[in-house]
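Q: Take a look at this one; I'll ask things after.
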Amino acid sequence: PIPLPLLSLQIFINNEWHESTSGKKFPTYNPSTLEKICDIEEGDKPDVDNAVEAAKAAFQRGSPWRQMDALSRGQLLHKLADLLERDRVILATLETMDTGKPFLQAYFIDLEGCIKTLRYYAGWADKIQGRTIPVDENFVCFTKHEPMGVCGAITPWNFPLLMLVWKMAPALCCGNTLVIKPAEQTPLTSLYIGSLIKEVGFPPGVVNIVPGYGPTAGAAISNHHSIDKIAFTGSTKVGKLIKEAASKSNLKRVTLELGGKNPCIVCADADLDLAVECAHQGVFFNQGQCCTAASRVFVEEQIYPEFVKRSVEYAKKRLVGDPFDARTEQGPQIDQNQFDKILELIESGKKEGAKLECGGLAIEDRGLFIKPTVFSEVTDNMRIAKEEIFGPVQPIMKFKSIEEVIRRANSTEYGLTAAVFTKNLDRALTLASALQSGTVWINCYNALYAQAPFGGFKMSGNGRELGEYALAEYTEVKTVTIKLSQKSP
Amino acid sequence: QIFINNEWHNSISGKKFEVLNPANEEKICEVEEGDKADVDLAVKAARKAFELGSPWRTMDASERGRLLYKLADLVERDRLILATMEAINGGKLFSTAYLMDLGACIKTLRYCAGWADKNHGRTVPMDGNFFTFTRHEPIGVCGQIIPWNFPLLMFIWKIAPALCCGNTVVVKPAEQTPLTALYMGSLIKEVGFPPGVVNIVPGFGPTAGAAISYHMDVDKVAFTGSTEVGKLIKEAAGKSNLKRVTLELGGKSPNVIFADADLDAAVEFAHVGLFYHQGQCCIAGSRIFVEEPIYDEFVRRSIERAKKYTLGNPLLPSVQQGPQIDKEQFKKILELIESGKKEGAKLECGGGPWGDKGYFIQPTVFSNVTDDMRIAKEEIFGPVQQIMKFKTIDEVIKRANNTTYGLAAAVFTKDLDKALTLAAALQAGTVWINCYSAVSAQCPFGGFKMSGNGREM
Chain A
1380 PIPLPLLSLQ IFINNEWHES TSGKKFPTYN PSTLEKICDI EEGDKPDVDN AVEAAKAAFQ
1440 RGSPWRQMDA LSRGQLLHKL ADLLERDRVI LATLETMDTG KPFLQAYFID LEGCIKTLRY
1500 YAGWADKIQG RTIPVDENFV CFTKHEPMGV CGAITPWNFP LLMLVWKMAP ALCCGNTLVI
1560 KPAEQTPLTS LYIGSLIKEV GFPPGVVNIV PGYGPTAGAA ISNHHSIDKI AFTGSTKVGK
1620 LIKEAASKSN LKRVTLELGG KNPCIVCADA DLDLAVECAH QGVFFNQGQC CTAASRVFVE
1680 EQIYPEFVKR SVEYAKKRLV GDPFDARTEQ GPQIDQNQFD KILELIESGK KEGAKLECGG
1740 LAIEDRGLFI KPTVFSEVTD NMRIAKEEIF GPVQPIMKFK SIEEVIRRAN STEYGLTAAV
1800 FTKNLDRALT LASALQSGTV WINCYNALYA QAPFGGFKMS GNGRELGEYA LAEYTEVKTV
1860 TIKLSQKSP
Chain B
19 QIFINNEWHN SISGKKFEVL NPANEEKICE VEEGDKADVD LAVKAARKAF ELGSPWRTMD
79 ASERGRLLYK LADLVERDRL ILATMEAING GKLFSTAYLM DLGACIKTLR YCAGWADKNH
139 GRTVPMDGNF FTFTRHEPIG VCGQIIPWNF PLLMFIWKIA PALCCGNTVV VKPAEQTPLT
199 ALYMGSLIKE VGFPPGVVNI VPGFGPTAGA AISYHMDVDK VAFTGSTEVG KLIKEAAGKS
259 NLKRVTLELG GKSPNVIFAD ADLDAAVEFA HVGLFYHQGQ CCIAGSRIFV EEPIYDEFVR
319 RSIERAKKYT LGNPLLPSVQ QGPQIDKEQF KKILELIESG KKEGAKLECG GGPWGDKGYF
379 IQPTVFSNVT DDMRIAKEEI FGPVQQIMKF KTIDEVIKRA NNTTYGLAAA VFTKDLDKAL
439 TLAAALQAGT VWINCYSAVS AQCPFGGFKM SGNGREM
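Order-wise, the sequence lines are chains A and B.
Those letters in the first sequence? Residues 1380 to 1868, per the working numbering, in order.
Those letters in the second sequence? Residues 19 to 475, per the working numbering, in order.
Quick look at the structure:
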């Protein structure tokens, strides 16, 4: 093992590294080799309490963080982006070891997104403006957009560092302090960033990181009475628990980025090559472990057989293997739990009568690798058409008319993203309006940029991340109304 | 030389002009003199750089922001050089140039860099079967004419938002102070802005400046300078191609001091608010209205404050006041001082030139000034402070607003109601409460009435 001076495997509070209060540690594994990478201090409620204390102190009136010019806050975020750029290879390597995602994807996609998102929010820091408002009668009235306070952030294992930056950047940009619990499967890059936070010069207590498990550390955050807001990315099932805990405790504000069963609608007039490629990457990217996965592909009848044929070709060519190999497109699933769930859903597909076109089983006896799998002749009542699979499985269905596909696409409690492939202007804009999704992609897939808001309709989430819209999730509006002796112009 | 398409050129006419050091009236160097023909070349380059499909037009907005951010880094790297150049060429105190001018330049570039990819249009729910959205597009080729009082800072105030929004620019720095603008040309090339995005044509107002204002292929002109020239520019814009116009012009800004003010703070802010950079600020607080009960004490303390000055070479740390920019300004200020004496104001200190070389004028204070005197009506742009008396709020509001100018104003009081009432009543683009000259990249700045059109920052 190469010693990395900046990687501490402990709990990060007040810019210092601590052992867990309980003395317990937990292991983190490399899903590609199934070997343990290392042990991490396991945080639980007392550690969360300490972290919250530190975050609260850092947020006090008159503290260095509260007194800092907004422009300087932005400067710190810029410097953090510079350090991520400096340590890009290290971070991409850690991410690959911890998640099994192909190294080139970690380097060019995950890390790129992190750096750009930090720089985007660095630019917003001193532009968070309230309004002056012409109210009736003799008053001067204005709003201030103030930081909320201590924000809890619970991040997932599919894009560990990127999902952390999506929360950290707007939170810090708006002047909040943070208590972060990274996913237990993938804590390494989040812990590394603790050292960078200290190196950049964020005041102690502004960012705190408590690795641990959901039911313990995570629940301690959701239930905490001194945390003002919680942001969570993960499954809809856990998202509901978090919102419930937030209500039962102190009505902390909640933003959730949850699951999806995202429709990908391919019309007969689409550029077929483009549609096949996008639908393929859309479902198989990151081993199928994306909330945006294109896991219901609706293809217009006329082009259905050709679409299926080409999709199967693509799936068969997809290279599965060692994530550190430059040729690899698909690595292992994250853990045994997910692996078992995906194979179970694949079996349900076979049982319920879908046509297995390719794949359909694990790759080796040992390991968490699953063959890229394509099902055709899928109908809406099958489990693989209704439940989020989060694995390399592409269900392809047929449709006849636009009205029908709109109805079927919207028949789900989810509503995260949708995609439409067509050359027709009217059809594109009609579908964009009709689909109940937080993001609609036209002739592209996974086009995600720091400038554009992202989030779900219905049970895919509450609130938006990225873009200007995220600022609203990390600020609290204060209205100040001052009486005047006479009416002002 | 002249900077076009990231290259340096001689003037087409072959002419050059002298750049002087106002502290000793000596020549610093000669600069290629741009005229209409050079402006035409610059505009052509800027137009080409703005063509659909050009590197600049197809660049990601976030990347434009990156370039501006890197430019800020280079200005920071060369801060010492730029501050020294600005002090020598502009007669500006070195410490001020280094700490204030350069500090603000760097912050402004970083501020605008952040906006580049946040310029949002809207989708609009129109009646009928329509889908409508707005785009906030760059205007095109922007002509920018820069003054001599804050040469580098005013250069940055113009190019930063223009480039942030995706425009291309043709800049004419003031003929008295072209050096720091020309240095920026090299930094712009070093950062990697595509050729033609920024072009710099040094030269004179009636030639190069007029060429820009009248040009049929310049889409917008932005000018900071005197109201007199601002009117000519807006006229030229109307006569030529209806180019968009923004103007930052002069002021005769009122500074209202109430009896309940923190007197020490008020005296200090009023002093710096007028005397900063030898009085050569559009925002100079050149009409100080003091409430009767504290008038005599205020005048006494202001005189004390104005007397403790060391004049001399602005590069020396012991010097607190440098020279005026050139002979023309020097003569105009002395003429207005004479008018003050003739029209019956009480000369409390100063009142004449200083030293035998350079355009130095003694810090001057007039009391018992009345509103009809020339020194109470005309912009002096020199180290001359006018202090008047007032009795009531309604009176001072009327008198403060009684001017064709409206750039800035200030109010000193501890009373919440007075502060907010005056903030609403004063016809000024910026109103300062218990401070003066508080300008920052985040805040819009500009004038009411004849102090300007539009807002910067």
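Glycine is no exception: its CB is placed at the ideal position from the N, C-alpha and C atoms.
1) Any idea if Q1484/A is buried or exposed, counting beta-carbon neighbours within 10 angstroms, 16 or more meaning buried?
2) On the three-state DSSP scale, how would you describe W450/B?
3) What in chain B is Cβ-close to S1864/A, meaning under 8 Å?
4) Which of the three DSSP states is assigned to S1755/A in this structure?
5) Using 8 Å for Cβ pairs, my map puts G369/B next to I355/B. What's the rounded Cβ distance?
6) Give me the chain B residues within the contact set of K1506/A, using Cβ-Cβ distance strictly less than 9 Å, ordered along the chain.
7) So, is the C-beta of P1380/A closer than 7 Å to a C-beta in chain B?
8) Which residue marks the beginning of the beta strand (DSSP E) containing A1532/A, and which one marks its end?
9) Check whether the region 1587 to 1601 of chain A and the region 1421 to 1436 of chain A are in contact - that is, three or more C-beta pairs closer than 8 Å.
10) Please report whether the beta-carbon of F149/B lies at a distance below 7 Å from any beta-carbon of chain A.
11) Against chain B, does V1859/A count as a neighbour if the rule is that its beta carbon must be under 7 Å from one of theirs?
12) Beta-carbon within less than 6 Å of L1567/A's beta-carbon, same chain only, minus the 5 sequence neighbours each way: which residues are those?
13) Is N1629/A buried or exposed, if buried means 16 or more other CB atoms sit within 10 Å of its CB?
14) Compare the C-beta of Q1815/A against all C-beta atoms of chain B and say whether one is closer than 7 Å.
15) Applying a beta-carbon distance threshold of less than 9 Å, which residues of chain A neighbour G368/B?
16) Name the chain A residues whose beta carbon is nearer than 8 Å to that of K110/B?
17) Beta-carbon separation of L1463/A and N1641/A under 7 Å?
18) Which residues does DSSP list as the beta-bridge partners of F408/B?
19) In whole angstroms, give me the CA-to-CA distance for R1445/A and P1526/A.
20) In the DSSP assignment, find the alpha helix (DSSP H) that holds Y129/B and state where it starts and stops.
21) In the DSSP assignment, what residue or residues form a beta bridge with E1474/A?
22) Between L1808/A and chain B, is any beta-carbon pair separated by less than 7 Å?
23) Would you mind telling me which residues of chain A sit closer than 8 Å to K125/B, beta carbon to beta carbon, in chain order?
24) Name the chain B residues that come within less than 9 Å of E1847/A, Cβ to Cβ?
25) Return the chain-ordered ranges of every alpha helix (DSSP H) run that is complete within the region 1645 to 1696 of chain A and spans a minimum of 4 residues.
26) Assess contact between the region 303 to 322 of chain B and the region 342 to 361 of chain B, defined as three or more Cβ pairs (one per stretch) separated by less than 8 Å. Is contact present?
27) From the DSSP output, which residues share a beta bridge with H27/B?
28) Under 8 Å Cβ to Cβ from K1480/A, same chain only, skipping five residues before and after it: list those, please.
29) Spell out a yes or no on whether the region 1827 to 1847 of chain A and the region 1678 to 1693 of chain A are touching, meaning 3 or more CB-CB pairs, one atom from each, closer than 8 Å.
30) Excluding the 5 residues preceding and the 5 following C1657/A in the sequence, name in chain order all residues of the same chain whose CB lies nearer than 6 Å to its CB.
31) At which residues does the alpha helix (DSSP H) containing S1626/A begin and terminate?
32) Is it the case that the Cβ atoms of A240/B and T264/B are separated by a distance below 7 Å?
33) In angstroms, rounded to a whole number, what distance separates the CA positions of D1515/A and A1831/A?
34) Thinking C-beta only, is G269/B closer than 7 Å to Y423/B?
35) For the candidate residues Q1660/A, A1610/A, K1403/A and N1822/A, whose alpha-carbon lies nearest to that of E1425/A?
36) Taking V1519/A as the query, report the chain B residues whose CB atoms sit under 9 Å from its CB, ordered along the chain.
A: Per the coordinate set shown:
1) Reading the first sequence from its first residue, position 105 is the one you call residue 1484/A. Buried.
2) Counted from its first residue, the second sequence places residue 450/B at position 432. Of the three classes helix, strand and coil, the one that applies to W450/B here is strand, per DSSP.
3) The residue labelled residue 1864/A in the question sits at position 485 within the first sequence. Ordered by position in chain B, the residues that pass the 8 Å Cβ test against S1864/A are D435 and T439.
4) The sequence position of residue 1755/A within the first sequence is 376, counting from 1. Of the three classes helix, strand and coil, the one that applies to S1755/A here is strand, per DSSP.
5) As a first step, residue 369/B must be located in the second sequence, where it is residue number 351. As a first step, residue 355/B must be located in the second sequence, where it is residue number 337. With 8 Å as the limit, G369/B and I355/B qualify as a contact, their Cβ atoms being about 6 Å apart.
6) Taking the first sequence and counting its residues from 1, one reaches residue 1506/A at position 127. Ordered by position in chain B, the residues that pass the 9 Å Cβ test against K1506/A are Y129, G132, W133, K136 and Q460.
7) Sequence index remark: in the first sequence, residue 1380/A carries index 1 (1-based). With a pLDDT of 49 at P1380/A, under the threshold of 50, the modelled position of that residue is not reliable, and the figure given next carries that caveat. Chain B contact via Cβ: absent.
8) Locating residue 1532/A in the first sequence gives position 153, where the first residue counts as 1. Here the beta strand (DSSP E) through A1532/A covers V1529 to I1533.
9) yes
10) Numbered from 1 along the second sequence, position 131 holds the residue referred to as residue 149/B. Yes - at least one Cβ of chain A is within 7 Å of the one on F149/B.
11) Counting from 1 along the first sequence, the entry for residue 1859/A is found at position 480. Judged by the 7 Å Cβ criterion, V1859/A is not in contact with chain B.
12) In the first sequence, the residue the question calls residue 1567/A occupies position 188. The residues are L1473 and D1477.
13) Locating residue 1629/A in the first sequence gives position 250, counting from the first residue. Result: exposed.
14) As a working mapping, residue 1815/A is identified with position 436 in the first sequence. Cβ-Cβ to chain B under 7 Å: no for Q1815/A.
15) For the purposes of this step, residue 368/B is identified with residue 350 of the second sequence, where counting begins at 1. Near G368/B there are no residues of chain A at all, since even the closest Cβ is about 37 Å away, more than 9 Å.
16) On the second sequence, residue 110/B is found 92 positions in, with the first residue counted as 1. Those within 8 Å of K110/B in chain A number zero; the least Cβ separation is about 24 Å.
17) Here residue 1463/A corresponds to residue number 84 of the first sequence, with the count starting at 1. Here residue 1641/A corresponds to residue number 262 of the first sequence, with the count starting at 1. Not a contact, by the Cβ cut-off of 7 Å.
18) Here residue 408/B refers to the residue found at position 390 of the second sequence. According to the DSSP secondary-structure assignment, F408/B is paired through a beta bridge with E309/B.
19) Along the first sequence, one-based indexing puts residue 1445/A at 66. Along the first sequence, one-based indexing puts residue 1526/A at 147. Taken atom to atom, the span from the alpha-carbon of R1445/A to that of P1526/A is near 9 Å.
20) Looking up residue 129/B in the second sequence gives position 111. Looking at the DSSP string, the run of the alpha helix (DSSP H) that includes Y129/B is L120 to W133.
21) The residue given as residue 1474/A occupies position 95 in the first sequence. Paired residue(s): none; E1474/A is not in a bridge.
22) Residue 1808/A sits at position 429 when you count from the first residue of the first sequence. Chain B, which has a Cβ nearer than 7 Å to the Cβ of L1808/A, makes this yes.
23) Sequence index remark: in the second sequence, residue 125/B carries index 107 (1-based). Going along chain A in sequence order, the residues near K125/B (Cβ under 8 Å) are L1450.
24) Taking the first sequence and counting its residues from 1, one reaches residue 1847/A at position 468. Contacts between E1847/A and chain B, judged by CB atoms closer than 9 Å, involve K136 and H138 in chain order.
25) Taken in chain order, the whole alpha helix (DSSP H) runs of length 4 or more contained in the region 1645 to 1696 of chain A are 1651 to 1663 and 1683 to 1696.
26) no
27) Along the second sequence, read from residue 1 onward, the residue named residue 27/B stands at position 9. Looking at the DSSP assignment, H27/B forms a beta bridge with I20/B.
28) Locating residue 1480/A in the first sequence gives position 101, counting from the first residue. Closer than 8 Å at the Cβ level, and outside the excluded window around K1480/A, lie E1474, D1489, N1665, Q1666, P1702 and G1710.
29) Result no; under three Cβ-Cβ pairs closer than 8 Å.
30) Residue numbering aside, residue 1657/A sits at position 278 when the first sequence is read from its first letter. Within the same chain, and ignoring the five residues on either side of C1657/A in sequence, the residues whose Cβ sits closer than 6 Å to its Cβ are Y1824.
31) In the first sequence, counting from the first residue as 1, residue 1626/A sits at position 247. That run of the alpha helix (DSSP H) goes T1615 to K1627.
32) Translated into the one-based positions of the second sequence, residue 240/B becomes position 222. Translated into the one-based positions of the second sequence, residue 264/B becomes position 246. The criterion of a C-beta distance shorter than 7 Å is satisfied by A240/B and T264/B.
33) Counting from 1 along the first sequence, the entry for residue 1515/A is found at position 136. Counting from 1 along the first sequence, the entry for residue 1831/A is found at position 452. Spanning the two alpha carbons is a distance of roughly 36 Å.
34) For the purposes of this step, residue 423/B is identified with residue 405 of the second sequence, where counting begins at 1. For the purposes of this step, residue 269/B is identified with residue 251 of the second sequence, where counting begins at 1. The answer is yes: Cβ separation under 7 Å.
35) Taking the first sequence and counting its residues from 1, the one referred to as residue 1425/A is at position 46. Note that residue 1425/A is Pro in the sequence shown here, rather than Glu. Nearest of Q1660/A, A1610/A, K1403/A and N1822/A to P1425/A, Cα basis: K1403/A.
36) Position 140 of the first sequence holds residue 1519/A. The contacting residues are L438, A441 and A442.
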